[in-house]
Every structure is written in structure tokens, then in C-alpha cells.
Amino acid sequence: MTVLFVLFFAMVFGFIGFYWQRKKQNKWKVPSSPFPTEWRSILMENIPYYRSLSSDDKQRFEYKIQEFLLNCKVTGVKTEINLKDKILVASSAIIPIFGFEDWKYINLYEVLIYPTFFNEKFSLDAADRRVSGMVGNGPMEGVMILSKKALELGFKNETDKKNTAIHEFIHLIDKTDGSVDGIPSLLMERQYAIPWLDYINKKIEEIHEGKSDINPYGGTNQAEFFSVASEYFFERPKLLKRKHPKLYALLERVFNQDMASKNLRK
Numbered sequence: 056m057t058v059l060f061v062l063f064f065a066m067v068f069g070f071i072g073f074y075w076q077r078k079k080q081n082k083w084k085v086p087s088s089p090f091p092t093e094w095r096s097i098l099m100e101n102i103p104y105y106r107s108l109s110s111d112d113k114q115r116f117e118y119k120i121q122e123f124l125l126n127c128k129v130t131g132v133k134t135e136i137n138l139k140d141k142i143l144v145a146s147s148a149i150i151p152i153f154g155f156e157d158w159k160y161i162n163l164y165e166v167l168i169y170p171t172f173f174n175e176k177f178s179l180d181a182a183d184r185r186v187s188g189m190v191g192n193g194p195m196e197g198v199m200i201l202s203k204k205a206l207e208l209g210f211k212n213e214t215d216k217k218n219t220a221i222h223e224f225i226h227l228i229d230k231t232d233g234s235v236d237g238i239p240s241l242l243m244e245r246q247y248a249i250p251w252l253d254y255i256n257k258k259i260e261e262i263h264e265g266k267s268d269i270n271p272y273g274g275t276n277q278a279e280f281f282s283v284a285s286e287y288f289f290e291r292p293k294l295l296k297r298k299h300p301k302l303y304a305l306l307e308r309v310f311n312q313d314m315a316s317k318n319l320r321k
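Everything in the sequence shown is counted per the working numbering, starting at 56 for the first residue and increasing by one.
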């Protein structure tokens, strides 16, 4: 009964979120200038996902990068940021939604880059600095915070099944229906929601029992499992498909992308 109750409200908020997104996305600014050569070089050097794309899809990815940076500020807090940092942020945003032509992050207007880890009160000096990324709520609604170190590491280490920035953008996608609950209502057809919940609860149990290679942080709750599993999906898709074929198939359906078909290694 509890599952049905949660799903009912998830679907209601999903419908409202879909309507709100459709209304808001038309206000996004549209790129009008050619994609800069310097930007393309940064993508080729640092983004395996981009390198794996066809020529046509590379152009579409470039357009979405321009569009994102035209509509969302990337700001350094007590740290200098450069063009590469901005492109890493934008790539983290585009990779999860590349399977959807018209997706726009209308629930985000700024990404703040902190030099290192911070705590839940956004302090860089406190002893409990363990947070590497966060989607803001309340006064920070519409803002994402990322650690610069974690942002860079997410693309330097291509095999650890972790990418903090992608993790946080998955939370933002999840939140578009009104709540961060691990049920991406705007991306998931209704008939798959209950099987999805049942399955991720089973996978969370496996984490708790020490029977999974999925990042233990995914055992925190359903929302964190969704983000952690998505990191795995986008960074080590072939391994995920081999070790967790059902989870891979579900995420392939959610994101409308067959990641295992891509050549992500240099």
C-alpha cells in the first residue's frame, strides 16, 4: 500500500512537472554562434562520451553544451574556474539527457564550484567537510554545488564507476517531478515504476549484505541508489551490463541510451 501511495503522488507530481517543464523550456536562450574550436578540443581531450559519438551526434552534443552554458551560470566560490571547468559541468549535465531531444534544465540557473569538499551548511572550514556535490533546496533552490576536485576527478578516473557531477545532475533530473525519490517520473513510463521500485529495493539489500560491487553509498536510500547506479551506467556500461543485466536494461530504458554500445576508452 505504501508503494502505491508513493507512486500515485510521484505520477501526479510527474504530470505537473512535465507541464511546468514544457511551459518553461521555451524561455531558454538559443545558441546563435558557431561552436568554438577551443571548446571542441577540450571535449575531445576530456570527455570519453563525446569521443564515442558519431559526427552528427557530436554536433548535437556541442549545441547542447552551448545551450546549457548560455542559460546556466557556472561560478567559482573561493576558487578560480576556467573554460575546461565549465565544459566539464555542461558535459555532466548533457550526458544523462542526451537521449531526449528537447530536455532542458529549467530547474537550474547556477552551478557553484567550491575548491574542495564542504559540509551540509556549505562551509569550507568545518571539520565535517565530506560533501562533494549537492542539489540546493529552499533558499538554494535552482542551484547546484560541486567540489572542483570531485568535478575533475570524475573525468580523470574513467574506471571507478563514479562521477560526482553526473551523480548530482541525476538528482536534478529526479527532482524535476517535485521530489528526489529515485523515481524519475518524467523519464519512466508508468508501467515500469513499480517493477523499478521493487528491483532497486532488492539491489539495495544486496549492498547492505555486502553482495554487490555497486558503490555502498547507493544503499543509503532509493534516490541515492538511482544516482549511484546511473554513474555506473554512464562510466562502466559494459561492466554493468555483464554484472547487473536487469539493472542495465532498466537504466537503458530510463535514459533512452544503449551505453554498452559506445566505445568509451581511448
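Using N, Cα and C, we set each Cβ at its ideal position, and we do this for glycine too. Every value quoted in this text rests on a predicted model; they were computed, and no experiment measured them.
Query, Result
"Of the residues A304, K211 and K204, the one placed nearest L98, counting alpha carbons only", "K211"
"Limits of the unbroken alpha helix (DSSP H) element including E307", "P300 to F310"
"Start-to-end residues for the beta strand (DSSP E) that takes in E165", "E165 to Y169"
"Anticipated Cβ contact below 8 Å, L143 with A220, distance rounded", "7 Å"
"For V198, the first and last residue of its enclosing beta strand (DSSP E)", "V198 to S202"
"Simplified DSSP state of V190, which is helix, strand or coil", "strand"
"As assigned by DSSP and simplified to three states, the class of V235", "coil"
"Status (buried if at least 16 other CB within 10 Å, exposed otherwise) for D140", "buried"
"First through last residue of the alpha helix (DSSP H) which encompasses K230", "T219 to K230"
"Reference K258; option with closest CA among I269, A248 and A148", "I269"
"When K317, D313 and R320 are compared against F155, the one with the closest alpha-carbon", "D313"
"Of the residues R185, E207 and K133, the one placed nearest Y169, counting alpha carbons only", "K133"
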